[in-house]
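A quick write-up on the structure given underneath.
2 protein chains.
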Amino acid sequence: MPRPSEPTRARIVQAASALFYNEGIRRVSVDEVAAKAGLTKRTLYYHFKSKDDLVAAYLAARDQPNLALFRTWFAEAEGGLPAKVEAIFRNLARSARHPKWKGCGFLRTSAELANMPGHPAIRIGAAHKKKFEDWLRAIFAEQGIADPLKLARQILLLLDGSFAVVQLHRDASYMETAGEAARTLIETALKKPGRKRG
Amino acid sequence: MPRPSEPTRARIVQAASALFYNEGIRRVSVDEVAAKAGLTKRTLYYHFKSKDDLVAAYLAARDQPNLALFRTWFAEAEGGLPAKVEAIFRNLARSARHPKWKGCGFLRTSAELANMPGHPAIRIGAAHKKKFEDWLRAIFAEQGIADPLKLARQILLLLDGSFAVVQLHRDASYMETAGEAARTLIETALKKPGRKRG
DNA sequence: TTGTGTATATTCACTGGTTAGTATACATAC
DNA sequence: GTATGTATACTAACCAGTGAATATACACAA
Numbered sequence: 001m002p003r004p005s006e007p008t009r010a011r012i013v014q015a016a017s018a019l020f021y022n023e024g025i026r027r028v029s030v031d032e033v034a035a036k037a038g039l040t041k042r043t044l045y046y047h048f049k050s051k052d053d054l055v056a057a058y059l060a061a062r063d064q065p066n067l068a069l070f071r072t073w074f075a076e077a078e079g080g081l082p083a084k085v086e087a088i089f090r091n092l093a094r095s096a097r098h099p100k101w102k103g104c105g106f107l108r109t110s111a112e113l114a115n116m117p118g119h120p121a122i123r124i125g126a127a128h129k130k131k132f133e134d135w136l137r138a139i140f141a142e143q144g145i146a147d148p149l150k151l152a153r154q155i156l157l158l159l160d161g162s163f164a165v166v167q168l169h170r171d172a173s174y175m176e177t178a179g180e181a182a183r184t185l186i187e188t189a190l191k192k193p194g195r196k197r198g
Numbered sequence: 001m002p003r004p005s006e007p008t009r010a011r012i013v014q015a016a017s018a019l020f021y022n023e024g025i026r027r028v029s030v031d032e033v034a035a036k037a038g039l040t041k042r043t044l045y046y047h048f049k050s051k052d053d054l055v056a057a058y059l060a061a062r063d064q065p066n067l068a069l070f071r072t073w074f075a076e077a078e079g080g081l082p083a084k085v086e087a088i089f090r091n092l093a094r095s096a097r098h099p100k101w102k103g104c105g106f107l108r109t110s111a112e113l114a115n116m117p118g119h120p121a122i123r124i125g126a127a128h129k130k131k132f133e134d135w136l137r138a139i140f141a142e143q144g145i146a147d148p149l150k151l152a153r154q155i156l157l158l159l160d161g162s163f164a165v166v167q168l169h170r171d172a173s174y175m176e177t178a179g180e181a182a183r184t185l186i187e188t189a190l191k192k193p194g195r196k197r198g
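Chains A and B, in that order, are what the protein sequence lines are.
Every letter in the first sequence is one number past the one before it in the UniProt record's numbering, and letter 158, counting from 1, is 158.
Every letter in the second sequence is one number past the one before it in the UniProt record's numbering, and letter 171, counting from 1, is 171.
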């Protein structure tokens, strides 16, 4: 049984993800994660050198799937650029209406660890947001928008703002409001001079 | 000495504010707060029935001063409506560049307590954001904007988004980017039909 | 086929430290 | 002498991380 090791590690990360996302990092003990994964704490510490390490793994595991979701929602949406971006917010609103939704795991973790700037989990969260920003920036640049980075950042601000506000008020309609704002900003940018192609 | 009681309570809230804001709720013990306030934990528990109670008092104490700051920044700014709202973001960027800045205390607390929806601190945070939203809505309504609530919510989304993003990346320039987005959204709304007066 | 060494994987039981909250007694002011 | 306020010293629980021992699988040799 020892040999594989990867399935065990993956099971631990899966258990940690569910608990950390639902309850928060500091409210969940390593023992609880181990119990949920069906093994003892000592075994968990064989696979991860510390709780911080486990937290980092939890966020790292969310990175690519999260971005892939955004890309899928964008790609599958009908209509032009504004509609495709707005579709991301509409899909997010649908997710947020699920009772188990608890906001953005990256932002919540970073908020919980706000006084530990060098923490690996915060670096992972920051990198995740940068990847999203960069993906949008490339799309906007391709469309010939004059300042694609600025527009990408404004969309990111609306996205993260809606995570925070929806979580606080438990009212997913803010996500659709954010989508409308995103549409307005993109349409304005498309009309501006300085574009490379129509 | 016993009689007054209010100054002692205020001193405790002040100590709690400094510690909770800088370090986070769960990282700070009641003993630390008491020590910072210059008294013992037992005395603190005479004035507050629990730590949760103290957390609620910490946020309640930030409510009015925070809103007053926004109102001041808005009132003292030169120019029209878009410029006055943008001034809030510029002033916030200046605050965020201070090394002790750690984001929005309301949002960070709500993120830390994300699984306790009935927690008094979360209700206080939600009410605070609603007050800000309502203040903006009234201003926009007075200016004859067609959908003042929607625009107020979009500005709120940008504001809270910038809190989250600036905290994560430690890059206050996002706040100015949010201010530009706010300006764009307001200018667009001002140009839209359906306005009551010019 | 059988024995043996080694890296991998897992467990039990423990330590040392922290923390929210309390029992009890004492002090001050009116 | 009673309300209010403060301090000392405690409890009971929790929790991150570790020491020492054990079990399994596989490589390789006999």
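All C-beta atoms, glycine included, are put in the ideal place defined by N, C-alpha and C.
Delimiting residues of the alpha helix (DSSP H) encompassing residue i
i: P148 of chain A; result: 148-169
i: N91 of chain B; result: 81-96
i: S173 of chain B; result: 173-191
i: K41 of chain A; result: 41-47
i: A77 of chain A; result: From DSSP, A77 of chain A is part of no alpha helix (DSSP H); its letter is neither H nor E.
i: K100 of chain B; result: First-last for K100 of chain B: undefined, no H or E at that position.
i: V28 of chain B; result: It is not in any alpha helix (DSSP H) - V28 of chain B carries neither H nor E in the DSSP assignment.
Chain-ordered neighbours of residue i on chain B, where CB pairs are closer than 8 Å
i: L107 of chain A; result: A111, A164, L168
Residue environment, residue i, which counts as buried when at least 16 other CB atoms sit within 10 Å
i: E142 of chain A; result: exposed
i: K191 of chain A; result: exposed
i: A138 of chain B; result: exposed
i: P4 of chain B; result: With a pLDDT of 46 at P4 of chain B, under the threshold of 50, the modelled position of that residue is not reliable, and the figure given next carries that caveat. Classification of P4 of chain B: exposed, given that the 10 Å Cβ count is below 16.
i: P82 of chain B; result: buried
i: M1 of chain B; result: Residue placement at M1 of chain B is flagged as unreliable, the pLDDT there being 38, under the threshold of 50; the coordinate-derived value follows with that caveat. Counting Cβ neighbours within 10 Å, M1 of chain B comes out exposed, since fewer than 16 surround it.
i: A16 of chain A; result: buried
i: S110 of chain B; result: buried
i: G198 of chain A; result: For G198 of chain A, the predicted structure reports a pLDDT of 44, less than 50, and the residue's modelled location is therefore unreliable. The matter cannot be settled from this model.
i: E76 of chain B; result: exposed
i: D134 of chain B; result: exposed
i: A31 of chain B; result: Note on residue identity: the sequence assigns Asp, not Ala, to residue 31 of chain B. Exposed, by the Cβ-count rule.
i: residue 202 of chain B; result: The displayed coordinates of chain B run from 1 to 198. Any statement about residue 202 of chain B would go beyond what the structure contains.
i: A93 of chain B; result: buried
i: R170 of chain B; result: exposed
i: E86 of chain B; result: buried
i: H47 of chain A; result: buried
i: G144 of chain A; result: exposed
i: A68 of chain B; result: exposed
i: H128 of chain A; result: buried
i: G79 of chain A; result: exposed
Nearest to residue i (by Cα), restricted to the options the options
i: A56 of chain A; options: A:F106, A:T40, A:V33, A:A34; result: A:F106
i: L168 of chain B; options: A:R9, A:E86, A:K130; result: A:K130
i: N115 of chain B; options: A:I12, A:F20, A:K41, A:E187; result: A:F20
i: L157 of chain B; options: A:E112, A:R62, A:E78, A:T177; result: A:T177
i: I155 of chain A; options: A:R9, A:F70, A:P65; result: A:F70
i: S162 of chain B; options: B:H98, B:A189, B:A181; result: B:A181
i: L39 of chain B; options: B:I145, B:R94, B:K100, B:T8; result: B:T8
i: T43 of chain A; options: A:N66, A:K100, A:K150, A:I12; result: A:I12
i: E112 of chain B; options: B:R27, B:I88, B:E78, B:M175; result: B:R27
i: L59 of chain A; options: A:S95, A:V165, A:H119, A:E187; result: A:H119
i: C104 of chain B; options: B:Q14, B:V166, B:S173; result: B:V166
i: A189 of chain A; options: A:I25, A:P148, A:G79; result: A:P148
i: P117 of chain A; options: B:T184, B:N22, B:A18; result: B:N22
i: D63 of chain A; options: A:R153, A:V33, A:I145, A:I124; result: A:I124
i: A126 of chain B; options: B:D160, B:L151, B:G144; result: B:D160
i: F140 of chain A; options: A:I186, A:A96, A:S95, A:K102; result: A:I186
Contact set between residue i and chain A, taken where Cβ atoms lie within less than 9 Å
i: N115 of chain B; result: N22, E23, G24, R27, K102
Per-residue contacts from residue i into chain B (C-beta, under 9 Å)
i: G80 of chain A; result: Those do not exist, as G80 of chain A stays about 18 Å from chain B at its closest Cβ, beyond 9 Å.
i: K131 of chain A; result: Neighbours of K131 of chain A on chain B: none; closest Cβ ~13 Å, over 9 Å.
Residue i: contacting residues in chain B (beta-carbon distance under 7 Å)
i: D160 of chain A; result: G161, A164, V165
i: R153 of chain A; result: Y174, T177
i: T188 of chain A; result: T184, T188
Neighbouring residues, chain A, relative to residue i (Cβ below 7 Å)
i: L156 of chain B; result: V165
Residues that residue i contacts on chain A, provided the C-beta gap is smaller than 8 Å
i: K150 of chain B; result: T177, E180
i: residue 242 of chain B; result: Any answer about residue 242 of chain B is impossible in this case: the structure gives chain B only from 1 up to 198.
i: L185 of chain B; result: A181, T184, L185
i: T40 of chain B; result: Those within 8 Å of T40 of chain B in chain A number zero; the least Cβ separation is about 25 Å.
| message | Ignoring anything shorter than 4 residues, give me the alpha helix (DSSP H) runs that lie fully in the stretch 108-150 of chain B, in order along the chain. | response | 120-142
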